[in-house]
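Presented below is the structure to which this report refers.
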Amino acid sequence: MRRLVVIRRYVLSVIGIVMMLFSASKGLCSGYHYHNGGDSSSSDSSSGSSEQEPAGSNHTNAGKVDDLEEEIATLEERLSSSQEKIEARDEKIEALEAVVAVITVLNVEKLQEEINTVKLEKDALDQGSGI
1 MRRLVVIRRY VLSVIGIVMM LFSASKGLCS GYHYHNGGDS SSSDSSSGSS
51 EQEPAGSNHT NAGKVDDLEE EIATLEERLS SSQEKIEARD EKIEALEAVV
101 AVITVLNVEK LQEEINTVKL EKDALDQGSG I
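Here the sequence shown is numbered in the UniProt record's numbering, starting from 1 and rising by one per residue.
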């Protein structure tokens, strides 16, 4: 049950990262098309300015890509750290479950001894009253 929760969290994290990347790439592509559309209409006025705009937009997009790559790396590190914490927590839970199982067994054994003692005392009383 806990492993399903861990797997679910992992899958949701991966889906979130993929959606973020898709959104970022879509934004970059739409910005690229926008600048290209502007370039074709402004190419009639002067070829020098149209060549400078794509270079500037490419530089801006490259900066955005670098920022997104850094953010992705940060998110991957956070995801890895979270997974390690989850694994450590799961190990602690398993250890606690083992301790609870041992305590339960010991309690059952102790109760069984008490039941046996009460039965012996009852048998002794029954024999004493039967004499």
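From the three backbone atoms N, C-alpha and C, an ideal C-beta is built for every residue, glycine too.
Contact between Ile86 and Val14 fails: their C-beta atoms lie close to 14 angstroms from each other, not under 8 angstroms. Contact annotation, Gln83 with Tyr10: C-beta distance approximately 7 angstroms; criterion of less than 8 angstroms satisfied.
About 7 angstroms separates the Cβ atoms of Arg2 and Ile93, confirming a contact at the 8 angstroms cut-off. Ile17 sits away from Leu96, with the two beta carbons spaced by 8 angstroms or more. Here Ala73 has no same chain residue with a Cβ atom under 8 angstroms from its own Cβ, once five neighbours each way along the sequence are excluded.
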